[in-house]
Amino acid sequence: MYKYLLWDIDGTILDFFAAEAYAIRVLFDKYKLGTCSDEMIETYSRINVKYWQALERNEMTKPEILVGRFRDFFEVMGIDTELAAAFNSDYQLSLGDHIVFVKHAMDMLNDEKGKYMLIAVTNGTKIAQTKKLRQSGLDKVFDAIFISEDVGSEKPNAEYFEHVFRETGITDRNQVLIIGDSLTSDMRGGEIAGIDTCWYNPNHNTNEYGIRTTYEIDDIAKLKEILG
550 MYKYLLWDID GTILDFFAAE AYAIRVLFDK YKLGTCSDEM IETYSRINVK
600 YWQALERNEM TKPEILVGRF RDFFEVMGID TELAAAFNSD YQLSLGDHIV
650 FVKHAMDMLN DEKGKYMLIA VTNGTKIAQT KKLRQSGLDK VFDAIFISED
700 VGSEKPNAEY FEHVFRETGI TDRNQVLIIG DSLTSDMRGG EIAGIDTCWY
750 NPNHNTNEYG IRTTYEIDDI AKLKEILG
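Going by the numbering used here, 577 is the number at position 28 of the sequence shown; the sequence numbering is gapless.
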């Protein structure tokens with residue numbers, strides 16, 4: 550049935566929150582900002598999600614969201630907001646220093662290798678994603694990798710997916726499945742592109758956006774049941 554598998558990276562294959570927490574704590578030490586608690590990480594994560602969703606809605610540019618999220622976070626925490634730009638630059642590189650795989654993700658990719666065309670689709674920054682893909686070995690696993698900065702458009706925009714289809718020679722969208730953890734980016738993108746979607750939802754979150762999903766799984770290993 551499927552010949553092409555589009556895989557999101559952060560939160561689907563790699564544990565983004567583990568990398569996020571590690572990077573922020575390392576940089577708190579570097580900038581001598583004191584201890585960064587779990588509660589502070591959670592506050593940043595909430596702010597970060599709101600900014601990325603604004604990007605997905607084309608309400609902000611990527612440079613605006615990357616610095617803006619830290620500016621807002623620092624303001625809430627009583628930290629000098631002038632540090633936001635430099636902190637973000639260092640953060641992009643630090644994200645690739647702590648690689649943690651989502652349970653069963655690498656096993657699934659290795660099992661799929663050679664059976665399907667494996668395509669990485671990510672909105673992460675080119676600096677962070679290039680390092681992560683290299684450090685994790687994923688750059689050797691995927692047959693094609695599409696980082697939104699190179700594409701010139703972000704998921705869920707139709708332009709992003711049209712670029713992917715054109716570059717990989719996809720003509721039959723019935724042969725394509727996208728796997729991702731984000732409703733607003735991956736699942737909405739798949740819906741717009743007219744392809745089947747598999748929502749990785751380990752925490753059993755509610756689909757409050759009413760976005761169509763073809764499949765829903767709480768464990769990456771269950772993808773095997775879908776692919777047969």
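Each residue gets a CB set at the ideal place from its N, CA and C atoms; glycine is no exception.
Spatial neighbours of residue i in its chain, beta-carbon cut-off 7 Å, leaving aside the 5 residues before and after
{"i": "LYS552", "result": "TYR665, MET666 and GLN724"}
{"i": "THR536", "result": "Here the chain comprises residues numbered 550 to 777, so residue 536 is not present and cannot be evaluated."}
{"i": "SER643", "result": "ALA572, VAL575 and LEU576"}
Strand pairing of residue i, partner residues [DSSP]
{"i": "ILE668", "result": "LEU555 and ALA693"}
{"i": "LEU563", "result": "ASP559 and PHE650"}
{"i": "LYS662", "result": "TYR665"}
Delimiting residues of the beta strand (DSSP E) encompassing residue i
{"i": "GLU765", "result": "764-766"}
{"i": "GLY537", "result": "With the chain covering 550 to 777 only, the question about residue 537 has no answer from this structure."}
{"i": "ILE749", "result": "Checking the sequence shown, residue 749 turns out to be Tyr, not Ile. Segment 745-749, the beta strand (DSSP E) holding TYR749."}
{"i": "LEU726", "result": "725-729"}
Own chain residues within Cβ distance below 6 Å of residue i, not counting five before or after
{"i": "ASP730", "result": "GLY560, THR561 and TYR749"}
{"i": "PHE622", "result": "TYR593 and ILE596"}
{"i": "LYS504", "result": "Lying outside 550 to 777, the shown extent of the chain, residue 504 is not represented and no answer is given."}
Extent of the continuous alpha helix (DSSP H) to which residue i belongs
{"i": "ALA770", "result": "First-last for ALA770: undefined, no H or E at that position."}
{"i": "TYR580", "result": "First-last for TYR580: undefined, no H or E at that position."}
{"i": "MET626", "result": "611-626"}
{"i": "LEU732", "result": "Careful: LEU732 lies outside any alpha helix (DSSP H) and carries neither H nor E."}
{"i": "HIS753", "result": "No alpha helix (DSSP H) contains HIS753, which DSSP labels as neither H nor E."}
{"i": "LYS704", "result": "First-last for LYS704: undefined, no H or E at that position."}
Neighbourhood of residue i by C-beta, 8 Å cutoff - its chain only, sequence neighbours within 5 removed
{"i": "GLY663", "result": "none"}
{"i": "GLU661", "result": "LEU554, LEU667 and LEU776"}
{"i": "HIS712", "result": "PHE695, VAL700, GLY701 and SER702"}
{"i": "ASP547", "result": "Nothing can be reported for residue 547: it is not among the residues displayed for the chain, which extend from 550 to 777."}
Report task. Count the CB pairs spanning the segment 645-662 and the segment 708-725 that are closer than 8 Å, and state whether there are at least three. Result -> Contact between the segment 645-662 and the segment 708-725 is absent, because fewer than three Cβ pairs lie under 8 Å.
Query - Three-pair Cβ contact test at 8 Å for the segment 570-580 versus the segment 726-741 - result: Proximity of the segment 570-580 to the segment 726-741 falls short of the contact definition, fewer than three beta-carbon pairs being nearer than 8 Å.
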